[in-house]
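The letter at position 122 of the sequence shown is residue 136 when you use my numbering, and the numbering goes up by one with no holes.
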Amino acid sequence: MKSLISVAELQDVSETLLLTLYARYKETQKIDGIIKDDKAVEIVEKLDYDFSKFDSWLIQAGVAIRTELFDNAIKSFLDSNPDGTVVNLGAGLCTKFFRLDNGFVNWYELDLPRVKSIWNKLIGETERHKYLAYSVTDFNWIEEIKQTHPKKVLFVAEGLMMYLSEADVKKIILSIKDNFPDSEMLCETTGKLVVKGLSLDSVVSKINQMFQWGINNLKDIENWGNGISVIKEWYYSDYHKERQGWMVFLGYIPILRKQAKLGHIKFS
Ligand SMILES: C[S@@+](CC[C@H](N)C(=O)[O-])C[C@H]1O[C@@H](n2cnc3c(N)ncnc32)[C@H](O)[C@@H]1O
15 MKSLISVAEL QDVSETLLLT LYARYKETQK IDGIIKDDKA VEIVEKLDYD
65 FSKFDSWLIQ AGVAIRTELF DNAIKSFLDS NPDGTVVNLG AGLCTKFFRL
115 DNGFVNWYEL DLPRVKSIWN KLIGETERHK YLAYSVTDFN WIEEIKQTHP
165 KKVLFVAEGL MMYLSEADVK KIILSIKDNF PDSEMLCETT GKLVVKGLSL
215 DSVVSKINQM FQWGINNLKD IENWGNGISV IKEWYYSDYH KERQGWMVFL
265 GYIPILRKQA KLGHIKFS
């Protein structure tokens, strides 16, 4: 029997990457699942970890919906920019590269240094798929990417910004805008009510305790500086209503609809 890989180094906020990974694993095993993530299944089966504490139909559906929305939006970017660069901030053990690789994209997974060894064991770098071991607030990663003289860049922040302070989120957005004019960003944000503790699920409420930043109207970030445009928003509650149970009604209340969303930002 093969020995399982320890994830002991995934402390604090980094442990949350196992939650989203597990949600994609569970969804893939559902016959009529929203997504198919065979790489997540392969990874989960190699890990020495009791995932059962993360069992939640709500998180599973939410992560599946957001994965589908992110995948479609990244695919659309790569259709227009086949040799573009994708920088996945707070990537964890994200498996999008394996679903979306078009043979040309340069793809960077950025996460904290403590996540790198586990990422190396389970995924590993290739010429067009690299790991950047930085905190997103340590802007040396920006210099590293600039040195590669990327063409069009898409930044992805899925399940990350809510764990940062508003001051840090602002610095990140403004640094990206200043260093990569003409770039784009796909950014998941939670609303202020979720940060204050609104939750209808015990697993979600444990995670919410770590949330720091929320915003109800993503367009408000356009006031942070010139050249920031929010060109599209997707509210998770609008999708796959058949999977939302009685919670589907919450999607009809505007303030609640804004609590879980994805925004497409353009910098100029
Ligand atoms: C909920 S997980 C999301 C992982 C992945 N994006 C996904 O959706 O499956 C949050 C991730 O953000 C990373 N993270 C948190 N704070 C960070 C920081 N300051 N810099 C870089 N990564 C960070 C954690 O290590 C973790 O991998």
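Glycine included, C-beta positions come from ideal geometry on N, C-alpha and C.
Extent of the continuous beta strand (DSSP E) run through residue i
i	result
VAL244	242–249
ALA147	143–147
Enclosing alpha helix (DSSP H) for residue i [first to last residue]
i	result
PHE111	110–114
LEU207	206–209
TRP133	127–136
LEU33	30–42
Buried or exposed (CB count within 10 angstroms, at least 16 for buried), residue i
i	result
GLY138	exposed
LYS40	buried
SER251	buried
ASN102	buried
THR140	exposed
ASP125	buried
MET175	buried
LYS53	buried
ASP46	exposed
TRP260	exposed
SER131	exposed
SER8	Lying outside 15 to 282, the shown extent of the chain, residue 8 is not represented and no answer is given.
ARG257	buried
GLY211	exposed
ASP93	exposed
LYS165	exposed
LYS2	There is simply no residue 2 to check, as the chain begins at 15 and stops at 282 in what is shown.
LEU200	buried
SER197	buried
Per DSSP, cross-strand counterpart(s) of residue i
i	result
VAL170	ASN102 and LEU200
PHE281	ILE242
SER179	Partner(s): none; SER179 has no beta bridge.
LYS275	THR203 and TYR249
ASN332	Absent from the structure is residue 332, since the part of the chain shown begins at 15 and ends at 282.
THR81	Beta-bridge pairing links THR81 to no other residue.
LEU61	ILE19
THR162	According to DSSP, which records beta bridges pairwise, THR162 is partnered with nothing at all.
Simplified DSSP assignment, three categories, for residue i
i	result
LEU253	Before going on, a small fix: residue 253 reads as Tyr here, not Leu. In the structure shown, TYR253 sits in coil (DSSP, three-state: anything other than H, G, I, E or B).
THR151	coil
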